[in-house]
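Structure record follows, encoded as structure tokens.
Number of protein chains: 2
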Amino acid sequence: MPFQFNLEKQGTNTSARLGEMITPHGMVHTPAFMPVGTQGTVKSMLPEEIKKCGAEIILGNTYHLYLRPGHDTISKLGGLHRFMNWPHPILTDSGGFQVYSLGALRKITPEGVMFRSHIDGSRHFLTPQKAIEIQEALGSDIMMCLDECTPYPATLSQTEESMNLTVKWAELCKTAQTNREQALFGIVQGGSYPDLRKQAAEKITSLGFDGYALGGVSVGEPKEIMYKITDSITPLLPTDKPRYLMGVGTPEDIVFAVSCGIDMFDCVIPTRCARHGLLFTNSEKIVIKNARWREDNNPIDETCDCYTCRNYSRAYLRHLYIAGEILAMILNTIHNIRHYMRLMENIRLAINENRFGEFKKDFLNK
Amino acid sequence: MPFQFNLEKQGTNTSARLGEMITPHGMVHTPAFMPVGTQGTVKSMLPEEIKKCGAEIILGNTYHLYLRPGHDTISKLGGLHRFMNWPHPILTDSGGFQVYSLGALRKITPEGVMFRSHIDGSRHFLTPQKAIEIQEALGSDIMMCLDECTPYPATLSQTEESMNLTVKWAELCKTAQTNREQALFGIVQGGSYPDLRKQAAEKITSLGFDGYALGGVSVGEPKEIMYKITDSITPLLPTDKPRYLMGVGTPEDIVFAVSCGIDMFDCVIPTRCARHGLLFTNSEKIVIKNARWREDNNPIDETCDCYTCRNYSRAYLRHLYIAGEILAMILNTIHNIRHYMRLMENIRLAINENRFGEFKKDFLNK
């Protein structure tokens, strides 16, 4: 069954909306958050636990899987879903962002990106065609076009050049696609320049993709710029396709972006924070190693229904964290992912009940 | 309900036997293997996963829990079972073996052991009375007497002195016990000297405990000595009480000791090996990082019914291990614990079907 997006409901007095993505591996309710599974695993999580937290789709990193164990290996072993025992939808990025993050280890040319592996220093050349080849071998449900992630800050002319390269690569990615079962999303770049973003949105949407992403909005620029770009560019994207804000973000960022009409998010914040003992609650963020939790027999968050909150005290989680136990990372990650999933559930409920504007106001003023 | 041991069946033409231990937190089928939960967690395992692997009882380390988070803290939080979300039986050791392992950081006196914490260097004095106080605060189902673990090698007179100290401490532990709901086991020491072991067995059993352990049989002495001591001393222990061979061992050690009439085991081998990528199978031990598994789509062990073997390939486990992913430790530990539990199930089945002698022969000659 090919990819499909159904816009189920347009919110009242808001750009927020409810949708369903139908993919070869199942359905995803939007707005959706995708936990990040960099190396074929959402760090420290059994796939069944991820699903139990409410996640319907996860993100896989093309760059990492290409280098190790290799997309050909994963393909031979039955594709990424089978390999990692996650039979539900997967979106893969293009590898562009990770390569961009390599800094001095990469060089961008009009044909693609020459880079050195962070693992063994070996040389590789990632082209738009190659990015599609890898993602087709992985067998993800949603593939992303290779883009150049424009750094912040960058001059107008640098940004324009970079944006045009991303548009050209998007065209090449579309041409390279051989498997129409896998969706392909285009990416709108253009840095912090609204006019360039607008041009990019026009050019990318005119190419025609299954969905559209805003890229390069979480690369060190001030939050106001990210918010302004999201607010002004999202409405330029087709309403009948999913819209994905890449690499975002905090709960506040997500609520704001949903109000602009964004449908999809991914971010390492919940999982990475968990491994560092930073736990989300509805009121405050808890630093679990703090001495104040030493004899605290309460769960992380009284309002949370996650496995960790149902079965363990702050005191126990503090003990595990201080003792350096692996179980600390497992239990913390379960909680933070569930926290994000509850946020998405609450967002969807609020839209459905025509009170998202109020929800947003309460959430951001809290 | 107080502790109870029912000898269900004495094997035919073997000392191997089937039993049931009834504890305040449930029943344990013997011969039993106890996964080690050093710091209030069996490393990398959710308690539900341990149970699903077939474990009915786990071991907790008094030394570690006393130092961190402290037995008083655990007691305030509802005891060790509640603290770690393991509502099934727990045996706690006395702390003696860990203190013994501290080497230069400890000094033994007739009253107890003075030692320095491996965590912060703080000074502590562990007495027989204190060992019981800590274990009563933890609330374990089975407590162990404080013993002195005689090093190997040791002279006859050193060993005799050490053995007599253990006997004296056993008496003090028994006197110190205030909670009769928790079982208390005595420990037979005596090093590699059969006569001293025999004396120790007589003295300790005459004191009257709920069960008896052979201690100090896995401290670096040659295997033949361990086997000889186990073979000659186990029959001297009362048949109507459980017999526990502390810190043992490999699958082969376990099968041998069961044939001598041992009922209980604990060892870090399955869990520690798992974290280092050494996986047990019915034919060979697998070093999961080996390149030969790179594209191997088979489970670790075709005959294994564990969660890992049902869902993941050797290639995936190799990938996780090489990538340093936490999930590698989780999945490997599930497999190795289940492997040990299947061994115990097969041992019990063989005894029940009057073919343990044959089972042992096949197993040890394989």
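Chains as they are written, first to last, in my numbering: chain A, 590 to 955; chain B, 590 to 955.
All C-beta atoms, glycine included, are put in the ideal place defined by N, C-alpha and C.
The structure displayed is predicted, hence computed values, not measured ones.
Among the options, nearest to residue i - alpha-carbon criterion
| i | options | result |
| --- | --- | --- |
| B/Phe774 | B/Leu834, B/Gln788, B/Ile877, B/Lys719 | B/Leu834 |
| B/Thr555 | B/Thr767, B/Asn954, B/Asn941, B/Lys950 | An answer regarding residue 555 of chain B cannot be provided, because it is not within the stretch 590 to 955 covered by chain B. |
| A/Ile663 | B/Ser746, B/Glu813, B/Phe704, B/Arg883 | B/Arg883 |
| A/Thr860 | A/Lys949, A/Asn921, A/Val702, A/Lys817 | A/Asn921 |
| A/Leu727 | A/Ser711, A/Lys763, A/Trp675 | A/Trp675 |
| A/Leu796 | A/Leu826, A/Glu749, A/Phe854 | A/Leu826 |
| B/Asp951 | B/Val844, B/Ala904, B/Leu635, B/Gln747 | B/Val844 |
| B/Val631 | B/Ser781, B/His670, B/Gly615, B/Asn871 | B/His670 |
| B/Tyr689 | B/Tyr652, B/Gln724, B/Gly668 | B/Tyr652 |
| A/Leu916 | A/Asn768, A/Cys856, A/Ala863 | A/Ala863 |
| B/Asn753 | B/Ser706, B/Met733, B/Ser711, B/Thr698 | B/Thr698 |
| A/Pro888 | B/Arg832, B/Phe672, B/Tyr782 | B/Phe672 |
| B/Asp709 | B/Gly668, B/Leu694, B/Glu700 | B/Leu694 |
| A/Lys955 | A/Ile776, A/Lys812, A/Glu873 | A/Glu873 |
| B/Phe854 | B/Val837, B/His865, B/Leu868 | B/Val837 |
| A/Ile647 | A/Met732, A/Leu715, A/Gln599 | A/Met732 |
| B/Ile723 | B/Gly668, B/Glu750, B/Glu700, B/Arg881 | B/Gly668 |
| A/Ala912 | B/Leu953, B/Ala605, B/Gly913, B/Pro658 | B/Pro658 |
Chain A contact for residue i (CB, 7 Å cutoff)
| i | result |
| --- | --- |
| B/Lys665 | yes |
| B/Ser633 | yes |
| B/Asn886 | yes |
| B/Pro957 | There is simply no residue 957 of chain B to check, as chain B begins at 590 and stops at 955 in what is shown. |
| B/Ala726 | no |
| B/Asn900 | yes |
| B/Ala644 | no |
Residues of its chain near residue i, where Cβ-Cβ distance is below 7 Å and the 5 sequence neighbours each way are ignored
| i | result |
| --- | --- |
| A/Met590 | Ile611, Pro613 |
| B/Gly946 | Asn602, Thr603 |
| A/Gly608 | Phe594, Asn595, Leu596, Glu597, Thr619, Pro831, Asp852 |
| A/Thr870 | Ile889, Asp890 |
| B/Thr794 | Tyr801, Leu826, Pro827 |
| A/Cys762 | Pro717, Ala720, Ile721, Cys734, Leu735, Leu773 |
| A/Ser706 | Leu656, His713 |
| B/Thr748 | Thr739, Gly779, Gly780, Tyr782, Leu785 |
| A/Gly809 | Tyr741 |
| B/Asn886 | Ser902, Ala904 |
Contact with chain B by residue i, beta-carbon distance below 7 Å
| i | result |
| --- | --- |
| A/Gln628 | yes |
| A/Tyr910 | no |
| A/Met623 | no |
| A/Pro676 | no |
| A/Ala863 | no |
| A/Tyr689 | no |
| A/Ala904 | yes |
| A/Met752 | no |
| A/Phe977 | Outside the shown range of chain A (590 to 955) lies residue 977 of chain A, about which nothing can therefore be said. |
| A/Thr860 | no |
| A/Thr662 | yes |
| A/Phe672 | yes |
Cutoff 7 Å: residue i Cβ touching any chain C Cβ
| i | result |
| --- | --- |
| B/Ile915 | The structure shown has no chain C; the protein chains it does contain are A and B. |
Same chain only: Cβ atoms within 6 Å of residue i, ignoring 5 sequence neighbours per side
| i | result |
| --- | --- |
| B/Lys696 | Met703 |
| A/Ala939 | Phe945, Phe948 |
| A/Glu725 | Asn768 |
| A/Ser633 | Met918, Ile919, Thr922 |
| A/Thr755 | Asp736, Glu737, Gln778 |
| A/Cys642 | Ile926, Arg927, Met930 |
| B/Val806 | Met815, Ile818 |
| A/Leu666 | Phe672 |
Residue i: CB within 6 Å of a non-hydrogen atom of the ligand MG
| i | result |
| --- | --- |
| B/Met634 | Questions concerning the ligand MG fall outside what the structure shown contains, since it holds no ligand whatsoever. |
Residues near residue i by beta carbon distance below 8 Å, same chain, minus five either side
| i | result |
| --- | --- |
| B/Pro783 | Lys817, Ile818, Ser821, Ile822 |
| A/Leu691 | Phe704, Arg705, His707 |
Within the region 919–954 of chain A, ranges of the alpha helix (DSSP H) (whole runs, at least 4 residues):
945–954
Taking one C-beta from the region 812–832 of chain B and one from the region 780–787 of chain B each time, how about it: are there three or more such pairs within less than 8 Å?
yes
The region 681–698 of chain A in contact with the region 714–725 of chain A per 3-pair CB rule at 8 Å
yes
Give the list of continuous beta strand (DSSP E) stretches no shorter than 3 residues that lie fully inside the region 593–678 of chain A.
593–599, 606–612, 615–619, 621–623, 647–649
On the three-pair Cβ rule with 8 Å, is the region 863–877 of chain A touching the region 902–909 of chain A?
yes
The region 926–940 of chain A in contact with the region 621–639 of chain A per 3-pair CB rule at 8 Å:
yes
Contact between the region 809–822 of chain B and the region 887–899 of chain B is defined here as three or more beta-carbon pairs at a separation below 8 Å; is this criterion met?
no
Entirely within the region 713–739 of chain A and at least 3 residues each: give me those beta strand (DSSP E) ranges in chain order.
731–733
If you scan the region 757–829 of chain A from start to end, which runs of the alpha helix (DSSP H) of 4 or more residues do you find wholly inside it?
Whole alpha helix (DSSP H) segments, 4+ residues: 783–796, 812–822.
Ranges of the beta strand (DSSP E) found wholly within the region 835–872 of chain B, counting only runs of at least 3:
The qualifying runs are 853–855, 867–869.
What residue ranges within the region 878–914 of chain A form continuous alpha helix (DSSP H) runs of no fewer than 4 residues, ordered along the chain?
896–900, 903–911
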